[in-house]
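S.K.:
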Amino acid sequence: MLFSISVPLSASAGDETTKKPATHGHADKPASGHGHSGHKTPPSHSGSEASVRPTKMPDHLDVATTRYSEQAKFSVKISSLLDPVAINKIHSWVLHVRHPNGKPVENAEVRISGGMPMHGHGLPTSPRVTKYLGEGKYLVEGVRFNMAGWWELNLNINSGHHNDKVTFNLVLK
Amino acid sequence: MVRAVIFFIIIFSTVVVIKASASAQEWSGTERDVLRTLWIGSLSPLPNDPSNKVADDARAANLGRKLFFDKRLSSNGNVACSTCHQPDKGFADGLALARGVGQVPRHSPTIIGIAYSPWFFWDGRKDSQWSQALGPMESPVEHGATRTQIAKILQADTFYSRAYEEVFGRLPDVSDDKKFPDIAAPIDVPESRISWDAMKATDRRAVSRIYANIGKAIAAYERLILPGISRFDRYVKAVLDGDKVAQNKLFNADEAAGLRLFIGKGNCTRCHNGPLLTNHDFHNTGIPAIAGAPGNSGRAAGVRIVLQDEFNCLGPFSDATGAECRELKFAKVAGDDLIGSFKTPTLRNVANTAPYMHEGQLDTLNAVVDFYNRAPSARPGHSELEPLGLSKKETGYLESFLKTLNGSFSAPQQVLPTAE
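Respectively, the protein sequence lines represent chains G and V.
Using the working numbering, the letters of the first sequence correspond one by one to residues 30 to 202.
Using the working numbering, the letters of the second sequence correspond one by one to residues 195 to 614.
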């Protein structure tokens with residue numbers, strides 16, 4: 030498993046909501062819709078799900094496990110309870126969702142999707158949040174990956190006040 | 195002079211061959227990591243089956259072994275589990291399409307190591323090994339039996355009834371033909387269905403309980419049938435040990451080249467990964483359905499069936515708590531990628547289990563490798579494959595490699611298969 034937390038969560042946010050999200054290694058904000066945060070999204074792959082698949086994993090793929098959502102409404106940290114993440118094992122994750130000012134986002138509605146951008150298939154299971162753990166933390170059960178390579182996890186977060194999404198990249202061995 | 199030239203040519207070509215085979219046997223650190231994941235030494239201990247509380251009970255396995263080979267558990271007295279899962283044929287049957295009391299529309303997969311899978315049947319319409327065992331017995335084209343008939347056979351047999359009570363407790367009396375007609379089951383056969391519906395609910399429940407327990411005993415036996423060590427495993431061990439001499443003895447250059455394609459350009463380990471060389475998941479490979487196939491929507495249909503199944507992990511006959519049924523609770527129930535997708539089979543013993551694919555569409559390994567190399571588009575659904583662009587030589591290497599995966603099976607001495 031190649032996880033690295035490359036973006037330390039900024040707790041001193043202040044005017045964070047008006048700034049572009051701090052992406053790792055790249056200044057450009059992730060493309061909306063279906064962006065592979067942190068790399069230059071091929072034009073053919075933004076927007077429609079049915080578009081051409083990327084043929085290779087981007088160089089310098091951003092595998093940060095703490096990210097701002099696309100419109101910087103939330104700061105989200107993901108951590109797997111199966112460490113290291115292994116293929117073919119169903120397991121759980123914890124999402125930690127905060128406002129840019131560091132305060133926890135309570136009782137948000139989170140939807141999870143994902144898949145392998147290069148293969149054009151989705152997640153093999155339907156993971157979902159099964160429990161709010163308090164302090165902005167959410168238990169996600171039912172995650173399973175069935176092959177090595179580049180996966181995306183897409184979270185759609187609705188706090189009641191804001192709706193925003195964030196994509197995490199995982200590279201599984 | 196001519197002799198000298200010939201001598202030189204021989205020496206020169208020998209050096210070239212040795213060099214070529216030496217480089218074919220070199221594996222980088224990353225490649226060694228991948229090889230380790232495929233090695234039988236990486237196989238985790240047998241997973242628990244919380245839905246079957248007798249899964250690891252030796253008495254249940256002994257009962258299950260006898261049931262597995264018992265041809266009386268069929269409508270014509272000629273079909274047992276072992277009809278399609280024959281120990282000497284890699285626990286398959288060597289046929290393109292299975293034959294029970296009638297023509298079965300699917301190819302029999304091996305059951306070696308299948309206890310590791312969360313899903314059963316090509317379309318994953320069962321979620322435990324015990325529940326799977328119950329499917330064929332009531333299929334009109336496989337055993338053609340009914341659960342009531344099977345419960346009555348069990349009760350009338352002294353060994354069975356005693357063994358059953360030792361494992362599961364009291365065996366309810368199902369001998370009264372009025373209350374328990376010979377042929378009765380909740381299946382799509384009018385005669386069976388009508389008499390089943392006419393039975394009292396408590397009697398139906400008692401019969402289904404016996405039937406579920408029979409499945410649990412068969413599963414206790416089947417889960418002990420695990421893959422044996424193949425030449426491939428010995429080769430990986432030699433690679434991990436850095437033992438070049440052993441490597442060269444175990445694999446020739448073609449086989450090593452085939453393995454390199456298997457973990458690289460061939461994309462085989464996308465699905466055929468882990469020590470069982472399967473991810474136990476569902477994929478659309480675009481393999482065309484045979485003419486007149488009854489349903490080729492694959493997992494898209496299978497997942498709907500398993501969610502409704504009275505014998506699933508969340509059902510009344512399961513021993514699991516709801517929290518233990520994670521695969522079922524979080525199963526993907528919709529999505530284009532389920533359409534026309536079928537379960538990845540293990541590749542262990544693959545050269546011994548021809549023909550191939552869920553309907554036995556391809557006769558030889560050569561045809562299989564050629565199919566994946568071409569990767570035609572799918573109907574229905576979308577194929578996950580892309581053409582590989584392998585040369586004739588390369589497909590030959592892959593085929594040579596696949597033949598190194600034979601390792602038969604291993605099972606504890608006391609449950610070794612016997613057709614008693």
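Heads up, the beta-carbon is just placed ideally off N, CA and C, and yes, glycines get one too.
How many angstroms separate the CA atom of V/PRO334 from the CA atom of V/VAL383?
M.R.: Residue mapping note: residue 334 of chain V aligns to position 140 of the second sequence, counting from 1. Residue mapping note: residue 383 of chain V aligns to position 189 of the second sequence, counting from 1. Between the alpha carbons of V/PRO334 and V/VAL383 lies a gap of roughly 8 Å.
S.K.: Based on the DSSP secondary-structure assignment, which residues constitute the bridge partners of V/TYR415?
M.R.: To locate residue 415 of chain V, count along the second sequence from 1; it is residue 221. None, per the DSSP bridge assignment.
S.K.: Would you mind telling me which residues of chain V sit closer than 7 Å to G/PRO156, beta carbon to beta carbon, in chain order?
M.R.: Numbered from 1 along the first sequence, position 127 holds the residue referred to as residue 156 of chain G. PHE524, listed in chain order.
S.K.: Determine, using beta carbons only, whether G/ASN183 and G/SER142 come nearer to each other than 8 Å.
M.R.: Working through the first sequence from its first residue, we reach residue 183 of chain G at position 154. Working through the first sequence from its first residue, we reach residue 142 of chain G at position 113. In this structure, G/SER142 lies closer than 8 Å to G/ASN183 by Cβ.
S.K.: So for V/ASN600, helix, strand or coil by DSSP?
M.R.: Looking up residue 600 of chain V in the second sequence gives position 406. Assignment of V/ASN600 by DSSP, reduced to helix, strand and coil, places it in the coil class.
S.K.: Name the residue from V/CYS275, V/CYS465 and V/PRO303 whose alpha carbon lies nearest to the alpha carbon of V/ALA413.
M.R.: Position 219 of the second sequence, counted from the first residue, corresponds to residue 413 of chain V. Put simply, of V/CYS275, V/CYS465 and V/PRO303 the residue whose alpha carbon is nearest the alpha carbon of V/ALA413 is V/CYS275.
S.K.: Between the stretch 553-571 of chain V and the stretch 522-534 of chain V, do at least 3 Cβ pairs fall closer than 8 Å?
M.R.: no
S.K.: Reducing DSSP to helix, strand and coil, say where G/ASP193 ends up.
M.R.: As a working note, residue 193 of chain G is residue 164 in the first sequence. In the three-state reduction of the DSSP assignment, G/ASP193 falls in the strand class.
S.K.: In the DSSP assignment, what residue or residues form a beta bridge with V/PHE263?
M.R.: Against the second sequence, residue 263 of chain V aligns to sequence position 69. Paired residue(s): none; V/PHE263 is not in a bridge.
S.K.: Let me make sure I understand the geometry here. Which of G/GLY149, G/ALA137, G/ARG173 and G/VAL81 has the alpha-carbon closest to that of G/SER188?
M.R.: Here residue 188 of chain G refers to the residue found at position 159 of the first sequence. Closest option to G/SER188, Cα to Cα, is G/ALA137.
S.K.: Alpha carbon to alpha carbon, how far is V/GLU593 from V/VAL563?
M.R.: Numbered from its first residue, the second sequence carries residue 593 of chain V at position 399. Numbered from its first residue, the second sequence carries residue 563 of chain V at position 369. A direct Cα-Cα distance of roughly 7 Å separates V/GLU593 from V/VAL563.
S.K.: Give every residue of the same chain whose Cβ lies closer than 8 Å to the Cβ of V/ILE457, excluding the five residues on either side of it in the sequence, and list them in chain order.
M.R.: Reading the second sequence from its first residue, position 263 is the one you call residue 457 of chain V. Closer than 8 Å at the Cβ level, and outside the excluded window around V/ILE457, lie GLU225, VAL228, LEU229, LEU232 and THR463.
S.K.: Taking only beta-carbon positions, decide if V/GLU385 is within less than 8 Å of chain G.
M.R.: Locating residue 385 of chain V in the second sequence gives position 191, where the first residue counts as 1. Not one chain G Cβ lies under 8 Å of V/GLU385.
S.K.: At which residues does the alpha helix (DSSP H) containing V/ILE347 begin and terminate?
M.R.: Counting from one through the second sequence, the residue named residue 347 of chain V turns up at place 153. In this chain, the alpha helix (DSSP H) harbouring V/ILE347 covers 341-350.
S.K.: Which complete alpha helix (DSSP H) runs does the stretch 294-333 of chain V hold, if anything under 4 residues is left out?
M.R.: Runs found: 323-332.
S.K.: Do V/ILE244 and V/TYR310 have their CB atoms nearer than 8 Å?
M.R.: Residue mapping note: residue 244 of chain V aligns to position 50 of the second sequence, counting from 1. Residue mapping note: residue 310 of chain V aligns to position 116 of the second sequence, counting from 1. One point to set straight first is that residue 244 of chain V is Pro, not Ile, in the sequence displayed. Contact annotation: V/PRO244 and V/TYR310 have beta-carbon atoms that are not nearer than 8 Å.
S.K.: Around the Cβ of V/ALA548, are there at least 16 other Cβ atoms within 10 angstroms (buried) or fewer (exposed)?
M.R.: Along the second sequence, read from residue 1 onward, the residue named residue 548 of chain V stands at position 354. Only buried fits V/ALA548, as 16 or more other CB atoms lie within 10 angstroms of its CB.
S.K.: Among V/PRO380, V/ARG428, V/VAL273 and V/ALA255, which has the Cα closest to the Cα of V/TYR358?
M.R.: As a position in the second sequence, residue 358 of chain V is number 164, starting the count at 1. Comparing Cα-Cα distances from V/TYR358 to each of V/PRO380, V/ARG428, V/VAL273 and V/ALA255, the minimum goes to V/ALA255.
S.K.: Please compile the residues from chain V whose C-beta is within a distance smaller than 9 Å of the C-beta of G/LYS202.
M.R.: The sequence position of residue 202 of chain G within the first sequence is 173, counting from 1. Simply THR224, ASP227, VAL228 and THR231.
S.K.: Below 9 Å on C-beta distance, what does V/HIS474 contact in chain G?
M.R.: Looking up residue 474 of chain V in the second sequence gives position 280. Listed along the chain, the chain G residues whose CB falls inside 9 Å of the CB of V/HIS474 are ASN117 and ASN175.
S.K.: Which class does V/ARG428 belong to by DSSP, given the choice of helix, strand or coil?
M.R.: Locating residue 428 of chain V in the second sequence gives position 234, counting from the first residue. Correct three-state label for V/ARG428: helix.
S.K.: Run through DSSP, which three-state label would V/VAL273 get?
M.R.: Within the second sequence, numbered from 1, the residue matching residue 273 of chain V stands at position 79. Residue state, collapsed to three classes: coil.
S.K.: For G/HIS191, collect the residues of the same chain with a Cβ closer than 6 Å to its Cβ; drop the 5 residues on either side in sequence, then sort them by chain order.
M.R.: As a position in the first sequence, residue 191 of chain G is number 162, starting the count at 1. Excluding sequence neighbours, G/HIS191 sits near LYS102.
S.K.: Using only the alpha-carbon positions, how far apart do V/ASN407 and V/VAL248 sit?
M.R.: For the purposes of this step, residue 407 of chain V is taken as residue 213 along the second sequence, with counting starting at 1. For the purposes of this step, residue 248 of chain V is taken as residue 54 along the second sequence, with counting starting at 1. Distance between the alpha carbons of V/ASN407 and V/VAL248: 9 Å.
S.K.: If the cut is a Cβ gap below 9 Å, which residues of chain G does V/ASP531 touch?
M.R.: Taking the second sequence and counting its residues from 1, the one referred to as residue 531 of chain V is at position 337. Proximity of chain G to V/ASP531 at the Cβ level (cut-off 9 Å) is accounted for by GLY144, GLY149, HIS150, GLY151 and PRO153, in chain order.
S.K.: Between G/GLU181 and chain V, is any beta-carbon pair separated by less than 8 Å?
M.R.: Taking the first residue of the first sequence as 1, we reach residue 181 of chain G at position 152. G/GLU181 does not count as touching chain V.
S.K.: In chain order, what residues of the same chain lie with their CB nearer than 7 Å to the CB of G/PRO72, ignoring the 5 residues before and after it?
M.R.: Your numbering for residue 72 of chain G matches position 43 in the first sequence. Model confidence at G/PRO72 stands at a pLDDT of 35, short of 50, so the residue's coordinates are unreliable; what they give is reported in the following sentence. Same-chain partners within the cutoff: there are none.
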